[in-house]
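Sequential numbering of the sequence shown, starting at 3, is according to my numbering. Here the structure comes first, spelled out in structure tokens, and everything after it is commentary.
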Amino acid sequence: MAVAPLEYQFQPLHSLNCLSMPLKSRIDAKRTEPERLQAIVVDLLREEENKYCADCEAKQPRWASWNLGVFLCIRCAGIHRNLGVHLTKVSSFDL
Numbered sequence: 003m004a005v006a007p008l009e010y011q012f013q014p015l016h017s018l019n020c021l022s023m024p025l026k027s028r029i030d031a032k033r034t035e036p037e038r039l040q041a042i043v044v045d046l047l048r049e050e051e052n053k054y055c056a057d058c059e060a061k062q063p064r065w066a067s068w069n070l071g072v073f074l075c076i077r078c079a080g081i082h083r084n085l086g087v088h089l090t091k092v093s094s095f096d097l
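Structure below.
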């Protein structure tokens, strides 16, 4: 019984095309990432349910529990910090 040879198609995990870009372009591309992430946060804050602290419903929360996916006021963020990072990971998205 004859077995047909397997054909492998090599696809690299990363393209080397980015190395051919000028250094300045690669640096500029990295600088846009924080701006992109900030735009995502701004879009999330425009949603009605995110305009209030998830715990006490205070207006304009400026903190977030990243692992719980909620926005918090500074007072509730302090309470979350005291709970420990094994329960909630809190940080300000303005600082």
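Beta carbons: idealized from backbone N, C-alpha and C, even for Gly. Note that this is a predicted model, so its numbers are computed, not measured.
Among V92, Q40 and L39, which one has its Cα closest to the Cα of N69? V92
Grab the span of the beta strand (DSSP E) containing A56 for me, first residue to last. Looking at the DSSP string, A56 is not in any beta strand (DSSP E), and its letter there is neither H nor E.
Judging by CA-CA distance, which residue of P36, R38 and L74 is the nearest neighbour of D57? L74
Excluding five sequence neighbours on each side, which residues of the same chain lie with their C-beta closer than 7 Å to the C-beta of A79? W65 and V92
How would you write the range of the alpha helix (DSSP H) that L85 sits in, first residue to last? I76 to L85
List the DSSP bridge partners of V92. S67
Taking only the alpha-carbon atoms, compute the straight-line gap between L39 and L85 and give it to the nearest angstrom. 27 Å
Measure the C-alpha to C-alpha separation of K53 and K61 and round it to an integer number of angstroms. 6 Å
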